[in-house]
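Input: a single structure, listed below in structure tokens.
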Amino acid sequence: MSKPQAEGIVHIDDVRFKVTEWRFAPGAETGWHVHGHDYVVVPLTDGTLGLDNAGGTAQTAALTQGVPYSRREGVNHNVTNAGTAPLAFLEIEAVAEASALRRREVLERFMAAWNARDLDALMACMATECAFNAAAGPEAEGHHVSGHDGVRAAYATVFDTFPEAAWTAGTHHVFGDTGLSEWRFTGTDKAGQRVDVHGCDIFRFEGDLIALKDTYRKARSA
Ligand code: NI
Numbered sequence: 052m053s054k055p056q057a058e059g060i061v062h063i064d065d066v067r068f069k070v071t072e073w074r075f076a077p078g079a080e081t082g083w084h085v086h087g088h089d090y091v092v093v094p095l096t097d098g099t100l101g102l103d104n105a106g107g108t109a110q111t112a113a114l115t116q117g118v119p120y121s122r123r124e125g126v127n128h129n130v131t132n133a134g135t136a137p138l139a140f141l142e143i144e145a146v147a148e149a150s151a152l153r154r155r156e157v158l159e160r161f162m163a164a165w166n167a168r169d170l171d172a173l174m175a176c177m178a179t180e181c182a183f184n185a186a187a188g189p190e191a192e193g194h195h196v197s198g199h200d201g202v203r204a205a206y207a208t209v210f211d212t213f214p215e216a217a218w219t220a221g222t223h224h225v226f227g228d229t230g231l232s233e234w235r236f237t238g239t240d241k242a243g244q245r246v247d248v249h250g251c252d253i254f255r256f257e258g259d260l261i262a263l264k265d266t267y268r269k270a271r272s273a
């Protein structure tokens, strides 16, 4: 006879943490799972866990209400309530690192799309509600454009202004909801004027996508 399933209730699921409350009837199990993140367990009750590990070993662990413990990502096990009373704990997964990695990948795809002059690929990196502050313009923020269609048109204008353009030596960093890409921009504008300057984008993320691209370029003087 198969064991009853532990019940998982997700309390928080954002870019920094996933917090799940696990409730186990006596004999209930989670089923086999691999932890994709470092995590902390906070027992909500006393109890005894039965742990079947991927290597074929098994052990029991005493839970004490309110006494937390932490584990590394990669743990591969099946967890059972080995006691005779219901038990529960909170599992707090540190998902921020995974989120930062996904966002960094978006910045890499975004720069590749600029070099490929691929508008669809560029816009696939942008959030539904998005904005672009161009490097040059009449406003303090350069030239501010908002909305998916407006941003797409502004990106098309960059390609139009620079029939030849390359963004090279890209480095990408993510800190919380902020991203930073540094690059060297080389190109030739429609008038045949050569540009070769360092610059950067400061990004704001919404989920894994770019909500704001704020562009800065060096202004060369003779
Ligand atoms: Ni587990």
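For the sequence shown, the working numbering gives the first residue as 52, with consecutive numbering after it. From the three backbone atoms N, C-alpha and C, an ideal C-beta is built for every residue, glycine too. A quick note: this is a predicted structure, and the numbers were derived from the prediction, not measured.
- Here residue 140 is bridged, per DSSP, to 73 and 94.
- Straight-line measurement puts the Cα of residue 94 at about 50 Å from the Cα of residue 250.
- By the Cβ test, the segment 131-146 is not in contact with the segment 203-213, since fewer than three Cβ pairs between them sit closer than 8 Å.
- Residue ranges of uninterrupted alpha helix (DSSP H) with 4 or more members, entirely inside the segment 198-257 and ordered along the chain, are 199-212.
- The straight-line gap separating the alpha-carbon atoms of residue 53 and residue 130 is approximately 14 Å.
- Beta-bridge partners assigned by DSSP to residue 168: none are found.
- DSSP places residue 57 in no beta strand (DSSP E); its state is neither H nor E.
- Residue 65 counts as exposed, since fewer than 16 other beta carbons sit within 10 angstroms of its beta carbon.
- Judged by DSSP secondary structure, residue 264 falls within the beta strand (DSSP E) whose first and last residues are 260-268.
- The segment 261-269 makes contact with the segment 165-184; the number of CB pairs closer than 8 Å reaches 3 or more.
- The continuous beta strand (DSSP E) containing residue 122 extends over residues 120-122.
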